[in-house]
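Taking it in order: structure first as structure tokens, then the write-up.
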Amino acid sequence: MDQHYYTRTAQYLHWIMGIIFIAAWLIGFYSGNFLSYAVDGSFKGSVITLHKNIATVIIFLLVVRIFWRYTHPVPQLPNTMSPFMKKMAHLGHLALYFMLIALPVTGCLFSWSAGHPAPVLYWFEIPRLVDKNPELLAIVKPLHIYLSWAVGVLLLGHIAAALKHHFIDKDHVLISMTRQPKD
Ligand code: HEM
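FYI, in our numbering the residues of the sequence shown are 9 to 191.
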């Protein structure tokens with residue numbers, strides 16, 4: 009096993025989840041900040057439904073990803089990075105994993121506590137774990153929104169760091185997530 013590259017499966021999981029997560033983020037942000045029921049009526053409802061149907065997929069992919077992460081080796085960060093920067097990179101990745109759990113969980117609680125479903129790919133619903141509950145809604149709604157803003161900042165930092173590794177430090181970090189030894 010070449011330790012310079014993530015496995016092909018880890019790479020697919022990373023990029024597919026990245027695309028789904030960013031799509032869900034953009035759709036949620038659009039609905040939350042540019043649409044209102046008073047003006048846009050049922051169109052806003054359809055956009056929120058799309059947001060949920062895409063975002064819930066993250067939960068299922070994350071289970072596979074965490075299993076894969078703990079059963080397969082990952083590349084080491086380059087030795088040109090200081091121990092402090094390596095620590096920051098690990099903390100950043102941990103924070104991103106936390107968000108991959110926290111966003112869908114608070115999103116589902118948000119929907120259920122408002123009396124709505126958490127649908128997956130317009131195919132089935134995640135069984136409701138809580139009933140309609142205004143007290144819970146008052147907590148999880150702002151939580152989902154604040155977490156979504158925080159993850160926006162984290163994601164920008166993650167992308168900026170990957171680009172810095174590639175174009176400024178000219179190291180192997182971004183390539184380890186895009187290529188295989190024989191590519
Ligand atoms: C991948 C995970 C998710 C991300 C990145 C995400 C992101 C966002 C963002 C950026 C917003 C707009 C916040 C604002 O008003 O500024 C939002 C709103 C919302 N999200 Fe999520 N979300 C995720 C998962 C979910 C899930 C799984 C559900 C429910 C099943 C959900 C339900 C909602 C609802 C109902 C809104 C309010 C939309 C509105 O008021 O127009 N989200 N989300």
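Here a beta-carbon is modelled for each residue, glycine too, at the ideal position from N, C-alpha and C.
Can you tell me whether DSSP reads residue 160 as helix, strand or coil? Helix.
heavy atom of the ligand HEM below 7 Å from residue 141 C-beta: No, the Cβ of residue 141 stays beyond 7 Å of every heavy atom of the ligand HEM.
Proximity of residue 155 and residue 114 at Cβ, strictly below 8 Å: Their beta carbons are under 8 Å apart, which means residue 155 touches residue 114 by this criterion.
Where do the ends of the alpha helix (DSSP H) carrying residue 122 lie? The continuous stretches of alpha helix (DSSP H) do not include residue 122, and DSSP gives it neither H nor E.
Exposure of residue 108, with buried meaning 16 or more beta-carbon neighbours within 10 Å: Buried, because 16 or more other Cβ atoms sit within 10 Å of the Cβ of residue 108.
Spatial neighbours of residue 104 within its chain, please: C-beta separation below 7 Å, excluding the five flanking residues on both sides. Listed in chain order, the non-local C-beta contacts of residue 104 below 7 Å within the same chain comprise 162 and 166, local neighbours out to five positions each way being set aside.
What residue range is occupied by the uninterrupted alpha helix (DSSP H) comprising residue 23? Residue range 16–42 is occupied by the alpha helix (DSSP H) that includes residue 23.
Going by the DSSP bridge assignment, what does residue 133 pair with across the sheet? Listed as beta-bridge partners of residue 133 by DSSP are 127.
For residue 184, does the count of other Cβ atoms within 10 angstroms reach 16, so buried, or fall short, so exposed? Residue burial is scored here from C-beta neighbours: residue 184 has at least 16 other C-beta atoms within 10 angstroms and is therefore classed as buried.
Where residue 159 falls, given that 16 or more other Cβ within 10 Å makes a residue buried: By the neighbour-count rule (16 or more Cβ atoms within 10 Å), residue 159 is buried.
Cα separation between residue 87 and residue 28? Their Cα atoms are separated by approximately 32 Å.
Identify the continuous alpha helix (DSSP H) that holds residue 50 and give its terminal residues. From DSSP, the alpha helix (DSSP H) with residue 50 extends over 50–63.
Reducing DSSP to helix, strand and coil, say where residue 113 ends up. Three-state result, residue 113: helix.
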